[in-house]
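Position in the sequence shown counted from 1, then plus 100, gives you the numbering used here.
For every residue, glycine included, the Cβ atom is placed at its ideal position computed from N, Cα and C.
Since this is a predicted model, take the numbers as computed values, not measurements.
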Amino acid sequence: MPGANAFYDTLAGYLTIRLGQASLGPAATVILVLTLAAALLSALNLWRIGKQEDRRDRLMELRGVPLDRGVRERRPRWYQRLGGIVAASPAVGTAEQQRLLGVLAAAGIKGHGSLSGFVASKLCSAFITAALMWLFLEWRQWFAGSVTIRVAMLLGALMLGWRLPDFALSRLAARRRLLLEQGLPDALDLLVICAESGLSLDQSIEQVSQDLRASNAAVADEFATTASEMRILSNRAQALENLVERTGVAALRGITATLNQAIRFGTPLAESLRILAAEMRNARLLRIEERAARLPVLLAIPLALFILPSLMMVISTPVLLRLSDILKGSFGAF
Numbered sequence: 101m102p103g104a105n106a107f108y109d110t111l112a113g114y115l116t117i118r119l120g121q122a123s124l125g126p127a128a129t130v131i132l133v134l135t136l137a138a139a140l141l142s143a144l145n146l147w148r149i150g151k152q153e154d155r156r157d158r159l160m161e162l163r164g165v166p167l168d169r170g171v172r173e174r175r176p177r178w179y180q181r182l183g184g185i186v187a188a189s190p191a192v193g194t195a196e197q198q199r200l201l202g203v204l205a206a207a208g209i210k211g212h213g214s215l216s217g218f219v220a221s222k223l224c225s226a227f228i229t230a231a232l233m234w235l236f237l238e239w240r241q242w243f244a245g246s247v248t249i250r251v252a253m254l255l256g257a258l259m260l261g262w263r264l265p266d267f268a269l270s271r272l273a274a275r276r277r278l279l280l281e282q283g284l285p286d287a288l289d290l291l292v293i294c295a296e297s298g299l300s301l302d303q304s305i306e307q308v309s310q311d312l313r314a315s316n317a318a319v320a321d322e323f324a325t326t327a328s329e330m331r332i333l334s335n336r337a338q339a340l341e342n343l344v345e346r347t348g349v350a351a352l353r354g355i356t357a358t359l360n361q362a363i364r365f366g367t368p369l370a371e372s373l374r375i376l377a378a379e380m381r382n383a384r385l386l387r388i389e390e391r392a393a394r395l396p397v398l399l400a401i402p403l404a405l406f407i408l409p410s411l412m413m414v415i416s417t418p419v420l421l422r423l424s425d426i427l428k429g430s431f432g433a434f
């Protein structure tokens, strides 16, 4: 129909976005608008969830309730339900679920729905990356005549978007592991003080978690979780093993072995912890000295590239100018 065609042409003209010499058609424009809207809504939703969590944590802290006891059952959100469906599918698998749970625990992301929420973020990242790749191909008009290459590039973008949250999560886990390694000597010193004051092992761990809340939240959270597990589990040594599995910090293995020995055989806890604290402090000092010893090697490259040429220029320029004047005077005399 002529009227319908005219309406479609008018609508297509309104939906066409021109970027320089390039042009996006109506379909590409709609996908671009939907992608930007989805990204904006996701960012606003994550910001709102973070604000709600911060308010809840402050309320629990003001009431004197530990944060791990103040968690209440919540109805899963739509993205958590979507992530749960994808996580339960054969595309993820049981082994991948266990690996993701371990990495999430190492990054400090715990609680109900953490796995489903993370899988949902992977799914959204995959589709957004693929949509952006398609828009880029449409904008630049690359491989317009080859459907196979375009499909291959879209699949590559889809796989890249699926893996991007894993990279971010690995960085978070590594950063948290570094915080744990930095805070363990102080935690051991506090454990020695608590053990010498007559507190039991689980009471000492809980007290240390409260004392380190302001200075090192990562160690405080892990110790609070371990203290809660020691009160719940029949085997307290299992709670210490869970601490090592969650964090992945190698230095905690020696600590848990010492604590397990104190639990099993009743050996003096304070003296063993004092020795471990001294060893960890010496190990931290050795790591600092090792980094300081690498500084001359690391500074050699910028020194040779930037400082030495400038220094040679400053030193040699007056000599060259003086030599030029002397040569001009000598040749001028003849």
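In the DSSP annotation of this structure, the continuous segment of the alpha helix (DSSP H) that includes G354 starts and ends at 351-365. The alpha-carbon of E296 is positioned some 31 Å away from that of A206. Straight through space, the alpha carbons of I355 and E341 are spaced by roughly 10 Å. With respect to I305, A327 sits close: the two C-beta atoms are nearer than 8 Å. Under the three-state reduction of DSSP, A207 is assigned to coil, being neither helix nor strand. The shortest CA-to-CA distance from N335 to any of A351, R346, I363 is the one to I363. For V292, same chain residues with a beta-carbon under 7 Å away, outside a window of 5 residues either side, are A370, L373, R374, A377 in chain order. Distance from the CA of P285 to the CA of S300, rounded to the nearest whole angstrom, comes to 20 Å. Between the alpha carbons of M413 and L405 lies a distance of about 13 Å. Separation of F267 and A273 (C-alpha to C-alpha, rounded to the nearest whole angstrom) is 10 Å.
The beta carbon of L254 sits closer than 7 Å to those of A230, M233, W234, all from its chain and outside the five residues before and after it, given in chain order. Around the beta-carbon of E238, 16 or more other beta-carbon atoms lie within 10 Å, marking it buried. Under the three-state reduction of DSSP output, G348 falls in the coil class, being neither helix nor strand. A Cβ-Cβ distance of about 36 Å is found for the pair L258 and E322, leaving them out of contact under the 8 Å criterion.
The alpha-carbon separation between R275 and T417 amounts to approximately 49 Å.
Closest in alpha carbon position to G348, among L260, G202, Q197, L134, is G202. Straight-line spacing of the CA atoms in T325 and I228 works out to 36 Å.
Bounds of the alpha helix (DSSP H) holding R387 are 369-402.
A Cβ-Cβ distance of about 4 Å is found for the pair V319 and G283, placing them in contact under the 8 Å criterion. In the three-state DSSP reduction, R277 falls in the helix class (H, G or I). Per DSSP, G298 lies in no alpha helix (DSSP H) segment and is marked neither H nor E. Of the residues assessed, N382 falls on the exposed side of the cut-off, its CB having fewer than 16 other CB atoms within 10 angstroms. Cβ neighbours of L343 within its own chain (closer than 7 Å, five residues either side excluded): E322, T326, L352, T356.
In the DSSP assignment, R240 falls within the alpha helix (DSSP H) that extends over 214-240.
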